[in-house]
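Peer 1: Its first residue numbered 3, the sequence shown is counted upward by one per residue in our numbering.
Yeah, the Cβ is synthetic: ideal placement off N, Cα and C, and Gly gets one too.
Have a look at the structure that comes next, please.
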Amino acid sequence: MELIQKLFNSYRNAPLTSELLNYHNNLVAHLNDDIMAAATTEGPKRVEQLTGMIELMQAWTRIRLSGRPFLGKMRHFKLEDGNQPKYKRRVHKINGTSNHRASRH
3 MELIQKLFNS YRNAPLTSEL LNYHNNLVAH LNDDIMAAAT TEGPKRVEQL TGMIELMQAW
63 TRIRLSGRPF LGKMRHFKLE DGNQPKYKRR VHKINGTSNH RASRH
């Protein structure tokens, strides 16, 4: 599941082609067949994560086929919103011998 999540995040913003769509549908079918059988042996929590992952990947197909961009990425088998602000922190060591860092914004 982690490998498929990593693969999905690598192509989620790529231009939509028939090859990419076939590849994506193949991954979804693989999730439904082989990985679902393995997830049922691991427990109900894993099955719940897997069904959420399958629904997210099917939603990606609908969104991309309608011509809209897919915002966000998959993290921990769920959709993580990509609209959160990212804070940059510049770290400056004052009096270089100490391990304490002062942040000067």
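1) Since residue 23 and residue 9 should fall inside the 8 Å C-beta cutoff, what is the C-beta to C-beta distance between them, to a whole number of angstroms?
2) Entirely within the segment 6 to 65 and at least 4 residues each: give me those alpha helix (DSSP H) ranges in chain order.
3) Roughly how many angstroms lie between the CA atoms of residue 54 and residue 90, to the nearest whole one?
4) Kindly indicate which residue of 19, 50, 21 and 20 has the alpha-carbon position closest to the one of residue 34.
5) Identify the continuous beta strand (DSSP E) that holds residue 91 and give its terminal residues.
6) Helix, strand or coil for residue 81, going by three-state DSSP, please let me know.
7) Kindly say whether residue 49, judged by its beta-carbon, lies nearer than 8 Å to any beta-carbon of chain D.
Peer 2: Taking the geometry as given:
1) Along the sequence shown, read from residue 1 onward, the residue named residue 23 stands at position 21. Along the sequence shown, read from residue 1 onward, the residue named residue 9 stands at position 7. With 8 Å as the limit, residue 23 and residue 9 do not qualify as a contact, their Cβ atoms being about 14 Å apart.
2) 20 to 32 and 38 to 44
3) Here residue 54 is taken as the residue at index 52 of the sequence shown, counted from 1. Here residue 90 is taken as the residue at index 88 of the sequence shown, counted from 1. Residue 54 and residue 90: Cα-Cα distance of roughly 32 Å.
4) For the purposes of this step, residue 34 is taken as residue 32 along the sequence shown, with counting starting at 1. Closest by alpha carbon: 50.
5) Taking the first residue of the sequence shown as 1, we reach residue 91 at position 89. Unbroken run through residue 91: none, as it is neither H nor E.
6) Mapped onto the sequence shown, residue 81 falls at position 79. In this structure, residue 81 counts as strand in the three-state DSSP scheme.
7) Annotation note: the requested chain D is absent from the structure, which comprises a single protein chain.
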